[in-house]
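All remarks here apply to the structure that follows.
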Amino acid sequence: MSVSDPSAPAGDLDGHPGAPHPPAAELYLHERYAISGARSRLLPVYYALKPLMPRGMQLRLRRLYAARQRRRRFPAWPMEPVLVQMRQARLLRCMHERGVSRVAMVNDWPQGHRFAFTLTHDVEGPAGIERIEPVLEIERRHGFVSSWNFVAEEYPIPRGTFERLRAAECEIGVHGITHDGKLFQSRARFAHDLPKIQDYLREWDAAGFRSPATHRRAEWIHELGCLYDSSFPDTDPFEPQSGGCCSILPFMFGELVELPITLVQDHTLLEILGEHTPRLWVEKSGWIIANHGLVNLITHPDYLDSPQRLALYDEFLAFLAATSGGWHALPREVAQWWRMRSRLHCEQGPEGPRIVGEHDGRATVAWAMQRDHVVEIECEP
Ligand SMILES: [Zn+2]
C-alpha cells in the first residue's frame, strides 16, 4: 500500500477492541485511576444516617451534596471526553504517518448506522413489577423494545412476568441475588453469589447482568461468564460507587462485552437533580451520537410512578425515534454485534478497503477523515 493511498485502512488504529486497548485506555476502562482517593468519605456517612432522617431532610442533604458531585473534575460529568479524544488522536496520527486525509475502518455499528441505542430497566421491588405495563405501552408506541433486570431473591416475581415481557419481544437480565450493594465488597461474597448468579442466568435464559446499585470491579466482572455486563457508567458522580469507565462504546473484559451506561439514571435525574424534562438525556445523547457511541439508558419502573414521569420518558423516546442513523436493538443483540466486530479489521484490497474476519454481512466500512483538525467518521451504507 502506498503511503499516499487515500483509502488506507486504519486497521486496529480505530480503537476497535479486536486489538488490545493501549495501556492508557485500560487505565480508564478498568477505572484504575479510581484506586485511591476517588471514593467519597461523606457518602457512606449519609447512607448510614439516611434511615434516621425525615424524607424532606434526606432529599435536601442529598441535593446539596449532588451540587458538589456534579462539579467533579474527573471523570467530568455529564461528558468525559478522554477516550473520544484518544481515539481521534490515534486516527489523526495514522493519517499523518501515511500522508493521507482519510482512513478506512470497520464501522462501529451494523449496516452503516451512526450510533446505537438500548433501553434497559432495573426492577427494584413489587411496585416496579406493578408498573411494567405502562412503560411497555410507551415503548410499543415508538416501536422500541427493552431489557428488564430482576433481583433474583429480593422480592417475589409473579408467575408469567417473564413470559409477558418476552411476548413483547423484550429480554430478561439478572440484577443480582439481593440488592444490598455488597456483591463486590469482598472476594468471599462474590464467590458465594457467583454460582447462584450463573444458575439464574441459565434458568431465566438471560444473556446479561446488571449489578445492584452498579457496584463493580473490573478485575472480577469477566467471571460472570455471560454474554454481557452493563454495570459500568461512562461517568457518574452520583451513585454510591462513583467514577466510570469513560467509554461511550462497548468494550471487552475477556470474552464478556461491557455495555456502558451512558445516561444519568432516572432516579438521579428526577429526585436528586430535580429535573422535570428529559433535557439532560437529550443533550448527552446529542454528544454520544456525534461521536458514534451507544446511548444506553437505565430507568426503573419503580420510579416512573406518575403520568408526568411517564410523559418525560415518552418525550425522550420520541426524540430517539426522530433522530436518524440510530440502530435500536436489545442489549443482547448489541453485545453479540460487538463481540463479532471485535474480531474484524479493515484491510486494503485491490478494489479498496475490505473487511477481514467472519461476520454476518452487516459490517460495513467507515471513513475517518480530518476536517478542521477534528476527525469525523462517515459511515457507508
Ligand atoms: Zn437496582
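For the sequence shown, our numbering gives the first residue as 11, with consecutive numbering after it.
Cβ atoms here follow ideal geometry from the backbone N, Cα and C, with glycine treated the same way.
The beta-bridge partner set that DSSP reports for P243 consists of I271. At a Cβ-Cβ threshold of 9 Å, N159 and V133 count as neighbours. Taking C-alpha positions only, P91 is separated from P168 by approximately 43 Å.
C-alpha of L354 to C-alpha of F200: approximately 34 Å in a straight line.
As a beta-bridge residue in DSSP terms, E388 pairs with W377.
In the DSSP assignment, A126 is bridged to L304, W337.
For A223, the shortest C-beta to heavy atom distance toward ligand 1 is below 8 Å. Annotation: G371 is outside any beta strand (DSSP E) and is labelled neither H nor E by DSSP.
L146 and G303 have their C-alpha atoms spaced approximately 25 Å apart.
DSSP places A77 in the helix class (H, G or I) of the three-state scheme. Secondary-structure assignment with DSSP links I142 through no beta bridge to anything. Between T188 and E163, the beta carbon gap of about 6 Å places them in contact (Cβ cut-off 8 Å). Contiguous alpha helix (DSSP H) elements confined to the segment 169-243 occur at 171-177, 197-213, taking only those with 4 or more residues. DSSP, reduced to helix, strand and coil, places G362 within a strand of the structure shown. Contact between F194 and H225 holds: CB atoms are separated by about 5 Å, below the 8 Å threshold.
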